[in-house]
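Have a look at the structure below before the remarks.
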Amino acid sequence: MNNKSLENIEKYTALFDKYGNLLTQNQQQVFKLYYEQDLSYAEVAEILATTRSAAYDTLNKAIKNLLKYEKQLG
1 MNNKSLENIE KYTALFDKYG NLLTQNQQQV FKLYYEQDLS YAEVAEILAT TRSAAYDTLN
61 KAIKNLLKYE KQLG
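Numbering (UniProt numbering), first residue to last: 1 to 74.
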């Protein structure tokens, strides 16, 4: 999944603006670092003292949650 296509960036950041406060603090941090700071998974992992795969998994879970919230609440 190409999460950083322009279309996805716009879609996910709009959802984050609307529902971001429903995500866990960790999911919010990863989302902001990846999309707003335009960092790689490796850079996110280094900042948060975790693994690249954990950063990837956390971001994907955050995106799934945002899409779920939009479907349920939007």
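Just so it is clear, CB atoms sit at the ideal spot from N, CA and C, and this is done for glycine as well.
For residue j and residue i, the rounded distance between their alpha carbons
i, j, result
"Gln37", "Glu70", "24 Å"
"Val30", "Ile9", "14 Å"
"Ala45", "Thr51", "5 Å"
"Asn65", "Leu33", "17 Å"
"Asn60", "Tyr35", "12 Å"
"Ser5", "Gln25", "24 Å"
"Asn3", "Leu48", "20 Å"
"Ser53", "Gly74", "30 Å"
"Leu22", "Ala55", "18 Å"
For residue j and residue i, believed in contact at Cβ under 8 Å, the rounded distance
i, j, result
"Tyr12", "Ile63", "6 Å"
Q | Uninterrupted beta strand (DSSP E) stretches inside the region 3 to 72 (no shorter than 3 residues) | A | Counting whole runs of 3 or more residues, the region 3 to 72 contains no beta strand (DSSP E) stretch at all.
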